[in-house]
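Chains A and B, in that order, give the protein sequences. With the first letter of the first sequence counted as 1, position 130 gets the number 129 in numbering that gives the first Met the number 0; the numbers rise by one all the way through. With the first letter of the second sequence counted as 1, position 115 gets the number 114 in numbering that gives the first Met the number 0; the numbers rise by one all the way through.
2 protein chains.
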Amino acid sequence: MKLGDGVEQAIHSVTLLAALPAEGVLSAAALAEFYGVSTSYLLKHLQALSGAGIVHAVSGPSGGYRLAKTPEKITLLDIVLAVEGPEPAFRCKEIRRNGPKPLAKRYFKAPCQVNAAMLRAEQAYRQALRAVTVAQLIAEVKSDDDGSIARRSCAFFDQNMRQPGSKP
Amino acid sequence: MKLGDGVEQAIHSVTLLAALPAEGVLSAAALAEFYGVSTSYLLKHLQALSGAGIVHAVSGPSGGYRLAKTPEKITLLDIVLAVEGPEPAFRCKEIRRNGPKPLAKRYFKAPCQVNAAMLRAEQAYRQALRAVTVAQLIAEVKSDDDGSIARRSCAFFDQNMRQPGSKP
Ligand code: FES
Ligand code: FES
């Protein structure tokens, strides 16, 4: 079982966008530079986040990304499902129906007990991810920060933030 | 996030082996036939289960697989980890260390808050899988069985069971 690298990049991008001043946006290239990752790859994940209503994409030459809702309203589950898709990790192929002299159809009306147990575990996983908001993550980072982490982000914003609403 | 098809095949194979009479074994080919899956693929997973001490492989012409411990002692987590490996689904690449003007090393002594949150969710997932034993799954199947499921397994064992200890 493996989550793609996109999950780490997407969660961190959202936490950085949460620190942006109002009206500011960051381009995919700037976010990719901040995290040292491939722009084209990150762009795919930003589009997934945009499709899920987590970030808002402003188009045009001074466009970029900003959060589409407050960090209190974004959970880790929202981001993971946006990037990885909604399907559960365990995908039952109904192998119980295969093989010699199969049972009658009525035995397969209830979901397979194995599948049900695996899906209960997935629900526990999702519940744990749903319990963590981006606002909480940011608060945890802040509580460990002597100011250097915030200063670094601010310096990066000074160089890279765009303001789509303002005159060029 | 996706688990391989091997997890479904491995869990079901273990439940079938749990129903085998003492001293009996099933070949990989017989198990593959019962579930309508590829023998070579299933063999790989049986070897993983064997490596994890969940099944015991008896070699020789009348060899095959049987459980290495009682179904009460085998959890879904044991099987999933045997087939999928021990690594967590989320793999932090430490992207917080990348980018322009990186922070000093001391900021990275504690694990990243994002990574910590993702690993807490993984622990919830594993805890839910650890809470389910193969014995419980079998009891659930039995409680839904009017006898047909057990009869089908028995008929299959009659045709396919090997007894490595007995004379040919
Ligand atoms: S048939 Fe798919 S998990 Fe049982
Ligand atoms: S650096 Fe990997 S999750 Fe934060």
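Built from N, CA and C at the ideal position, the CB exists for glycine as well.
Nearest candidate by alpha-carbon position, reference residue i, set the options
i: S58(B); options: G23(B), I73(B), F33(B); result: G23(B)
i: T69(A); options: M0(A), D157(A), S147(A), A134(A); result: A134(A)
i: E71(A); options: Q8(A), D144(A), I137(A), R151(A); result: I137(A)
i: A109(B); options: P101(B), E93(B), G98(B), T14(B); result: E93(B)
i: K100(A); options: R150(B), Y40(B), P20(B); result: R150(B)
i: C153(B); options: P20(B), Q8(B), A9(B); result: P20(B)
i: D145(B); options: D157(A), P85(A), A103(A), R161(A); result: A103(A)
Proximity below 8 Å, CB of residue i to CB of residue j
i: G3(B); j: E121(B); result: no
i: A31(B); j: T38(B); result: yes
i: F89(B); j: V36(A); result: no
i: A27(A); j: L15(A); result: no
Cβ neighbours of residue i in the same chain (closer than 6 Å, five flanking residues each side left out)
i: A29(B); result: N159
Between the CA atoms of residue j and residue i - distance to the nearest angstrom
i: A18(A); j: A81(B); result: 42 Å
i: E139(B); j: V131(A); result: 34 Å
i: H11(A); j: F155(A); result: 15 Å
i: L42(B); j: S49(B); result: 10 Å
i: L118(A); j: Y124(A); result: 10 Å
i: L128(A); j: V79(B); result: 21 Å
i: E85(A); j: H55(A); result: In the sequence under discussion, the amino acid at residue 85(A) is Pro, which differs from the Glu named in the question. P85(A) and H55(A): Cα-Cα distance of roughly 20 Å.
i: R161(B); j: S147(B); result: 23 Å
i: Y106(A); j: R95(A); result: 10 Å
i: Q8(B); j: R65(B); result: 15 Å
i: D143(A); j: F33(B); result: 56 Å
i: D157(A); j: G98(B); result: 15 Å
i: A116(B); j: A116(A); result: 23 Å
i: Y40(A); j: K141(B); result: 49 Å
Contact set for residue i: own chain, Cβ-Cβ below 7 Å, skip 5 residues either direction
i: P163(A); result: V24, V57, G59, S61, G62
i: C91(B); result: C111, N114
i: I73(A); result: V13, I53, T132, V133
i: L76(A); result: R125, L128, R129
Sequence-distant residues of the same chain with beta carbon closer than 8 Å to residue i, five excluded per side
i: G52(B); result: A67, K68
i: M0(A); result: A88
Fill in: Inside the stretch 31-101 of chain B only - alpha helix (DSSP H) runs reaching at least 4 residues
38-50, 75-83
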